[in-house]
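Line by line, the protein sequences give chains A and B.
Mapping the first sequence onto the working numbering, position 105 (from 1) lands on 634, and the numbers just tick up by one.
Mapping the second sequence onto the working numbering, position 15 (from 1) lands on 1072, and the numbers just tick up by one.
Data first, discussion second: the structure below is written as structure tokens.
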Amino acid sequence: QKEVEQDPGPLSVPEGAIVSLNCTYSNSAFQYFMWYRQYSRKGPELLMYTYSSGNKEDGRFTAQVDKSSKYISLFIRDSQPSDSATYLCAMGNAGNNRKLIWGLGTSLAVNP
Amino acid sequence: GAVVSQHPSWVICKSGTSVKIECRSLDFQATTMFWYRQFPKQSLMLMATSNEGSKATYEQGVEKDKFLINHASLTLSTLTVTSAHPEDSSFYICSARAPSGTGYEQYFGPGTRLTVT
């Protein structure tokens, strides 16, 4: 079993839809949770990070962490065609040289 | 802020030659940088962690003699692919640990696409 599982999709939604992206993990020591967005042939861009459990909101993006279920989510409201990209979750635990463990990434297409 | 550049963005080389890729943090000092490779439709695979002034730490299965990493200054790390072969063709991405925050945030360069013929 991989430490971080993420459905690669692809996920296709109409413009304006609410998008839900998810990752599950097996290592209960993870405390730092991040979402990155990667456009084709570009480096990933940090979108949001959350420490431990709870929600965090930034504009149209909301990140949720449920440590009891080992499940994290990224919600995108009012999705736009410019949101079309691959979304990667990444996690880290104290120590381990603060390396990140990455999900496979979910490919999202928002259709106008 | 927190801009990371990579050079070159795209390189083609012949089998057996060496290629150097540069990673620079443009507006901050990065004591730690990371090198990843990414195959099409796959996630990032960490190759090594590069700390300024010390030897890089390579992930299991990564040949340190083939992928030479040098982090000579607080703003520059280089990856040299020695004696490149077609199977080394990939997308190589560097990142730098953010100068503030939790220590887990990384800022990525735009990547270098290497094609070995």
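Where a beta carbon is used, it is the ideal one built from N, C-alpha and C, also for glycine.
| said: Using a Cβ-Cβ cutoff of less than 7 Å, which residues in the same chain neighbour D607 of chain A once the five nearest sequence positions on both sides are dropped? | reply: G545 and R589
| Interface partners of S1100 of chain B on chain A, CB under 7 Å | Near S1100 of chain B (Cβ distances below 7 Å), the residues of chain A are L617, W631, G632, L633 and G634.
| How would you call Q1086 of chain B, buried or exposed, if buried means at least 16 neighbouring beta carbons within 10 angstroms? | exposed
| message | Using a 10 Å radius around the Cβ and a threshold of 16 neighbouring Cβ atoms, would you call F1096 of chain B buried or exposed? | response | exposed
| Which of helix, strand or coil DSSP assigns to P1143 of chain B | helix
| said: Suppose you measure from the CA of K1077 of chain B to the CA of R1170 of chain B; what does that come to, to the nearest Å? | reply: 12 Å
| message | In the DSSP output, which residue or residues are listed as bridge partners for V1076 of chain B? | response | B:V1138
| task | Please go through the same chain and pick out, in chain order, the residues whose beta-carbon is closer than 6 Å to the beta-carbon of N1127 of chain B, but skip the five residues on each side of it. | result | T1135
| field | Segments assigned beta strand (DSSP E), at least 3 residues, entirely inside the stretch 1098 to 1127 of chain B | value | 1101 to 1108
| said: For L637 of chain A, tell me which candidate among A:S597, A:L550 and A:C618 has the shortest Cα-Cα distance. | reply: A:L550
| said: Runs of 3 residues minimum, wholly inside the stretch 561 to 625 of chain A: which ones carry the beta strand (DSSP E) assignment? | reply: 574 to 580, 583 to 587, 590 to 595, 600 to 605 and 614 to 622
| field | Cutoff 8 Å: R627 of chain A Cβ touching any chain B Cβ | value | It does: the Cβ of R627 of chain A has a partner Cβ on chain B nearer than 8 Å.
| request: May I ask you to list, following chain order, the residues of the stretch 1152 to 1173 of chain B that have a beta carbon less than 9 Å from some beta carbon of chain A? | output: Within the stretch 1152 to 1173 of chain B, the residues whose Cβ lies closer than 9 Å to some Cβ of chain A are S1152, R1154, A1155, G1158, T1159, G1160, Y1161, E1162, Q1163, Y1164, F1165, G1166, P1167, G1168 and R1170, listed in chain order.
| query | Closest to S597 of chain A by CA distance: which of A:Q567, A:Y568, A:S582 and A:K628 is it? | reply | A:S582
| field | Buried or exposed by the 16-neighbour rule on C-beta atoms within 10 Å, applied to G1158 of chain B | value | exposed
| request: Using the Cα positions of F683 of chain A and E534 of chain A, report the straight-line distance between them to the nearest angstrom. | output: In the structure displayed, chain A extends from 530 to 641; residue 683 of chain A sits before or after that span and is not available.
| Along chain A, in chain order, which residues have C-beta atoms closer than 7 Å to that of L1103 of chain B? | K628
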